[in-house]
Structure formats: C-alpha cells, structure tokens
Amino acid sequence: CGSKEGAPSADTEAPAQTEGAENEEAPAADTTGGKTWIVAMDTVFPPFEFTNESGEFVGIDVDLLKAIAEDQGFEYEIQSVGFDAALAAVEAGQADALLAGASITEERINNGWIFSDGYYNATQTFAVAAGSEIKSFEDLAGKNVAVKNGTEGKTFAESIKDEYGFTISVFEDSPNMYQDVIGGNSAACVEDTPIMEASIKTGNVALEIPEGMTNEGAAYGFGIKDEANQVLLDMFNAGLKSIRENGTYDEIIAKYVN
Ligand code: GLN
1236 CGSKEGAPSA DTEAPAQTEG AENEEAPAAD TTGGKTWIVA MDTVFPPFEF TNESGEFVGI
1296 DVDLLKAIAE DQGFEYEIQS VGFDAALAAV EAGQADALLA GASITEERIN NGWIFSDGYY
1356 NATQTFAVAA GSEIKSFEDL AGKNVAVKNG TEGKTFAESI KDEYGFTISV FEDSPNMYQD
1416 VIGGNSAACV EDTPIMEASI KTGNVALEIP EGMTNEGAAY GFGIKDEANQ VLLDMFNAGL
1476 KSIRENGTYD EIIAKYVN
C-alpha cells in the first residue's frame, strides 16, 4: 500500500546494489529511490542501541529508525561503530547520518552538524562505584574520572575538572569506561543518565548515581553533516512526527523504558 503512482520500481525488496539498472531512462524525480542510507550508531548504549540476549542489535534508536523508514519508504543500513567513530564516519562522508543518542548542542551545530527535531531528552551524570564515598564534585579532588570519547559527558567533565581538581581518562566505549570505575582506577565516570540507569538496573554494572552531579542536558537528535543529505533529515522529521501521532513512538519507548 501507499506506493506512489509512477514510481520507477518496487524498491522495497531490491538488494542494496542496483547499479546499472535495467531501465536506462532517467528515473523520475525520486530523490531516494534505490539509495540505501548509511546510519552510524554507537555499539553499547542501552536502551538506545545494544545487542540483546539473542544476539540481535536492538534498542530505541534501532526501532525508531525502522519505524520511520517504513513510514517514509526509505532503505537504510546500520553501521554500529561506537560513538566517536560514528561522529567521524559522518564527518568523513563514510556514513550519511548519526543516530546514537546524540545530544543536540550549540557546539555541534557551530561545528556544522545539522540535527532533526529532538526525540528524547537526556542529561549527563557522574556515576560512582556502588558503595563509594564520593557524593559530590568536591569529593573528586585529586581523583580520576573516566569519560567516553566524543561525548557530552566528556565535555561536561572537562568543563569542571579544573574547578574541582580531578583528572580525566578517555575510553572508546561505555563498558570499558564503567570497568575503570568498578576496577578502582577511576573514582567516577560520566554517562547519559537514561543509559546509566538502564545499565545499573540490569544488575550487571556495579555503579550508582549520586544526587546532584548532573548537567542541564539536551534532546537527542538524528544528525547529518552534509547538506546533500537534507532529504534524509526531512524524511526523519516527517516520519518522527507521523509515528508520534500514530502511537508507534510511545510503544517503542514503553518497550525499552519502564
Ligand atoms: N548523548 C551523549 C552525546 O551526544 C552521548 C552519546 C553516546 O555516548 N552515544 O555526546
């Protein structure tokens, strides 16, 4: 249903590569037909993207993208490479877009990122080992804090490290960052609050969130760098609006957050 009259081909089941298509005539003004958009994601960032017990890559970002692509009729491929690598892939034009719980910030916009409408609000928070004595920023004096490369958590820690006298170590993914705190090398780490809460809740991450060690936060957005991908951003916004209206968005959130 919903296939447009005069659409050049039924591209829903077409494989990704359809170069040198049979039809030599120029396709109609279909800007996305046949294109498979590459979307870069984080690796371990539950409940937004993570590998479940059955070995499937799932999460809010994964389900939102699927629902939005279905609604808008575009094809995509996920590249789960890690947050900093995802930023770099989009910057280098190796991926078309970023969907990785990426916070919409002034700094990123000033650096040329173009974001969709926000789809989820999140703050960043410090987290400490379960049972730790650290209860405030002041307690971090002379200690080390683990952060994840490219993230707002890193920016947050950097913005206050001189004031409170702590040092920083940078990790490429969340599990290694947590492990540095659990293993006692770092006194704290900085993570997005919904991710830290979800990871603690599973019981697999022996960390806790002290009160009041949180920043202002921002909305997550789907991001592009190349203006040529504006058509994809527009489809994301239109699809997001549509799945907010038809209840799919709420179903996806309810499936992963409770
Ligand atoms: N929301 C944070 C940011 O945008 C962290 C994202 C992530 O680690 N996937 O920097």
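Here my numbering is used: the first residue of the sequence shown is 1236, the next is one more, and so on. Note that the Cβ used here is the ideal one computed from N, Cα and C, for glycine as well. Predicted, not measured: the structure shown is a model, and the values here were computed from it.
Proximity test, residue i beta-carbon vs the ligand GLN heavy atom, cut-off 8 Å
i, result
"Ile1430", "yes"
"Ala1337", "yes"
"Tyr1455", "yes"
"Thr1386", "yes"
"Gln1414", "no"
"Asp1352", "no"
"Lys1270", "no"
"Gln1359", "yes"
"Phe1406", "no"
"Ser1409", "yes"
Whether residue i touches residue j by CB criterion (9 Å)
i, j, result
"Asp1277", "Ser1338", "no"
"Thr1386", "Phe1318", "yes"
"Gly1328", "Asp1469", "no"
Identified DSSP bridge partners for residue i
i, result
"Trp1272", "Tyr1311"
"Phe1361", "Val1425"
"Gly1353", "DSSP, once it has assigned bridges, lists no residue as partnering Gly1353."
Environment of residue i [buried if 16+ CB atoms lie within 10 Å]
i, result
"Arg1343", "buried"
"Asn1464", "buried"
"Ser1371", "exposed"
"Pro1262", "Low confidence applies here, because Pro1262 scores a pLDDT of 41, under 50, leaving its location unreliable and the question unanswered by this model."
Cβ-based neighbour list, residue i, same chain, cut-off 8 Å, excluding 5 preceding and 5 following
i, result
"Asn1493", "none"
"Val1416", "Ala1362, Val1363, Ala1364, Ala1381, Ala1422, Ala1423, Cys1424, Leu1442"
"Gly1438", "none"
Close-in-space but distant-in-sequence residues of the same chain around residue i (CB under 7 Å, 5 per side omitted)
i, result
"Phe1280", "Ala1335, Gly1336, Ser1409, Ile1430"
"Phe1528", "Not covered by the structure: residue 1528. The range shown for the chain is 1236 to 1493."
"Leu1300", "Val1274, Tyr1311, Leu1334"
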